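A.B. asks:
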Amino acid sequence: MLKPRDRQISTFGDDELDRVLSAFGFDTYGVLPFFALNGTILDLRRRTETARKALVETSAGVKVLKQTPWYCADEALVRMQTQFQTDLTLAGEPVPQLESGPSGESHYVHDEFSGQFFTLQTYVPGRSWSETADDAAIAGAAIGRMHLSAARLPTTMVPATKTVHDSALGVIDLLPLAYPNDDAVTRLHHVARSTVARTRDRALESGYRDAMQIVHGDVNPFNLVFDDERPGIAAIVDFDNTCVDNPAHDIAEGVARFGWLQYRGLSSGYGAVPSGIDPIAADAFIRGFAQANPTAMSTAAPFIASAFCAAAAEILAIGVLSGYYPLANVDDLVDLVPRLEGLFQASISLENGRIA
Amino acid sequence: MTARYLFVYGNKGGVGKTTVAVNLAFAIAERGHDVGLLDLDLSGPNIPDLVSGLHGEPPTMRDFRVLPGEYGGVAMSSLGFFVAAEHAPYLAGRYLSGALDQLLPSEHWPSLDVVVVDMPPGFSDLHRRVFDELEGAVLAVSTPHLLARQDTSRGLELLAHLGVPVLGIVENLAHVVCAHCRSETPLLGFSGGGETWPATLIESLPFDSTPDQAVNVPAMLGSASAGNPFRAAMRSCASTVLKQLMGERDAQAS
């Protein structure tokens, strides 16, 4: 489903805020439209691409109120994602505490008036990604450690398995819906779909499903809060894409988003179409993950190139759908997609689960 | 000493409130006072554009409260420093009250003698809250145009209803001064005398035809601006306003 038009200009209405925060147990609160990141004051509205978020000042401190994105606004999914996040918090991972819902058992609110789902979690201050290899290594290590905790949780708590390939195909298939009459987009849809489907089938035949566990599903620099006092991650956030998949999913997304995708400044918006992989950043992320979780790296290693192809193809499709990549450049993406898996293999050499 | 708030207010948009507020702040600072400039026109925070030629430090944040930056010796706070020019701030309801919580002077602000507040046009919940929470006086800005005068009267009627002190009116774009003979020609039909305004006419400002007049404000107030009638009128306005706002404690420029 295409992203709905943002008729609320990324804000919550007063009545909606009152209902939802009261359901979380806060009848008195204030909204904080602005916050500081890396010493720069920012408008939180401008920092969100897929879900409305607001900082609220409550009697229990500053919290982040978030509406579940449209593409996962399903009660079973929300229940699973919030339970997973809570389990990680209890396991000692740097994952913000979620407030309990009205029943005290769930960690979300389902606003029956709007039909939307909301979470409220502790605001964790910190800094953003500094675009350095050190931060890529820190990120890889944090995700690797998170995978250790996640691997101890039953996969049956997740209602559906969604491989990185399935996720990519879902986004790629939005291209003809958004641009039904554009020949270049039609070519991109065709080549991206066939490329991702082919690498998925090869991975499945090679034992991709032999090592499945709960994964984050959206590893990127903007879902990590870096500690601004010591090297480390202060918080891992946004579990909307949590699913059961091979650990290669998160590793490949990490490589794609820390070592390949170009961003615009402090925002998660895309900059220029990425060309080559930054081998230093990619290596740092993979080494960080491997040092924290060598077992998962070993089992994932044969499939990371395939997962990277899917993750990168999805990124390119999002770029077109969101308008970051002009339609005039789509044919460049048509040429790039079939080369993605080879791009990874040429940049990163993994032998026996280790970087060669 | 508690800061005195000077609200530069006009019910009509485009009459020059921001230009008057910025120039007045620097003219007051020129007289030796510690001055702040607070931009509360949240839909069109233009103060940074008027000081773009100055070196300085932008606002910062502490405990989610905005602290003023500093440009040209004036403490300055405006959304325009941290909301991109191509982005429109959208602040309503709880977001508006939250933004005011973050922007209005807090205990983290430096000690100041005067804070010039650039108010948005019209009258809204923002105005009610600001006039209720901050103690000060209004300097109304208008042009001589009939529509502006009518809207100014409406606005002053509301202020009177709320008991907000009004120092008087600054009439902007009142006339053009000939660069050769210095004669004054009304710009918008007439340059009204005191009896045509609903409050004391404090100053009539001429149209300043200097290119890019709004840029590099201190240079225009310094020696390089000697003879510029707009700058002379702003200095006169600052003197009059300070006498009313602070009495005879007003320090003279060194």
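Which chain is which? The protein sequence lines are A and B, in order. Going by the numbering used here, the first sequence opens with residue 650, and the numbers climb by one from there. Going by the numbering used here, the second sequence opens with residue 1176, and the numbers climb by one from there. Backbone N, C-alpha and C define an ideal beta-carbon position, used for all residues, glycine too. All values reported here derive from a predicted model rather than from experimental measurement.
1. Can you give me, in chain order, the residues of the region 1263 to 1287 of chain B that have a beta carbon less than 8 Å from any beta carbon in chain A?
2. Whose C-alpha, out of A:L970, A:E754, A:V986 and A:I935, is nearest the C-alpha of D998 of chain A?
3. Taking P956 of chain A as part of the alpha helix (DSSP H), name the residues at either end of that continuous run.
4. For Y828 of chain A, name the three-state secondary structure that DSSP assigns.
5. With a threshold of 8 Å between beta-carbons, can M1117 of chain B be considered close to chain A, or not?
6. Does the Cβ of A809 of chain A have 16 or more other Cβ atoms within 10 Å, making it buried, or fewer, making it exposed?
7. Give the secondary structure of A791 of chain A by DSSP, where H, G and I count as helix, E and B as strand, and everything else as coil.
8. Please go through the region 1222 to 1308 of chain B and give each complete beta strand (DSSP E) segment of 3 or more residues, from N-terminal end onward.
9. Who are the near neighbours of N1391 of chain B in its chain, counting only those whose CB is closer than 6 Å to its CB and skipping five residues on each side?
10. Output yes if chain B places a C-beta closer than 8 Å to the C-beta of S996 of chain A; else output no.
11. Using the Cβ count rule (16 or more neighbours within 10 Å means buried), how would you classify P1264 of chain B?
12. How big is the Cα-Cα spacing for P1296 of chain B and Y919 of chain A?
13. List, in order along the chain, the chain B residues whose C-beta lies closer than 9 Å to that of V711 of chain A?
14. Going along the chain, which residues of its own chain have a beta-carbon closer than 7 Å to the beta-carbon of E1310 of chain B, five neighbours each way excluded?
15. Identify, in the order they occur along the chain, each residue of the same chain with its Cβ nearer than 8 Å to the Cβ of P774 of chain A, setting aside the five sequence neighbours on each side.
16. Could you pull the start and end residues of the beta strand (DSSP E) that D692 of chain A belongs to?
17. What does G679 of chain A touch in chain B if you count any residue whose Cβ is under 9 Å from its own?
18. Establish whether the CB of P682 of chain A and some CB of chain B are separated by less than 8 Å.
19. Could you tell me whether the Cβ atoms of A703 of chain A and L691 of chain A are closer together than 8 Å?
20. To the nearest whole angstrom, what separates the beta carbons of A949 of chain A and I900 of chain A, a pair I think is in contact under 8 Å?
21. Closer than 8 Å by beta-carbon distance: list the chain A residues that pair up with V1210 of chain B, in chain order.
22. Go ahead and label V1190 of chain B buried or exposed: buried means 16 or more other beta carbons lie within 10 angstroms of its beta carbon, across all protein chains shown.
23. Could you work out which residues of chain A lie near V1258 of chain B, taking near to mean beta carbons separated by less than 7 Å?
24. Looking at the structure shown, is F733 of chain A part of a helix, part of a strand, or coil, going by DSSP?
25. Name the DSSP beta bridge partners of V874 of chain A, please?
26. To the nearest angstrom, how far is it from the Cα of P825 of chain A to the Cα of A817 of chain A?
27. With a cut-off of 8 Å, does the C-beta of L837 of chain A fall near any C-beta of chain B?
28. So what does DSSP say about Q940 of chain A, is it helix, strand or coil?
C.D. replies: According to the data block:
1. P1264, Y1265, L1266, A1267, G1268, R1269, Y1270, S1272, G1273, A1274, D1276 and Q1277
2. The sequence shown places Ser at residue 998 of chain A, not Asp. Nearest option by C-alpha distance: A:I935.
3. A small fix is needed here, since residue 956 of chain A is Ala in this sequence, not Pro. Looking at the DSSP string, the run of the alpha helix (DSSP H) that includes A956 of chain A is I953 to L970.
4. coil
5. Residue 1117 of chain B lies beyond the range of chain B shown here (1176 to 1429); nothing can be said about it.
6. exposed
7. helix
8. 1235 to 1237, 1240 to 1242, 1244 to 1246, 1249 to 1252 and 1289 to 1293
9. Here the model assigns N1391 of chain B a pLDDT of 49, short of 50, so the residue's position is not dependable and the matter cannot be decided.
10. no
11. buried
12. 37 Å
13. F1239
14. Y1180
15. V874, D877 and A883
16. T689 to D692
17. R1269, S1272, G1273 and D1276
18. yes
19. no
20. 6 Å
21. None at all; the shortest Cβ gap to chain A is about 22 Å.
22. buried
23. D692
24. helix
25. A:A884
26. 14 Å
27. no
28. helix
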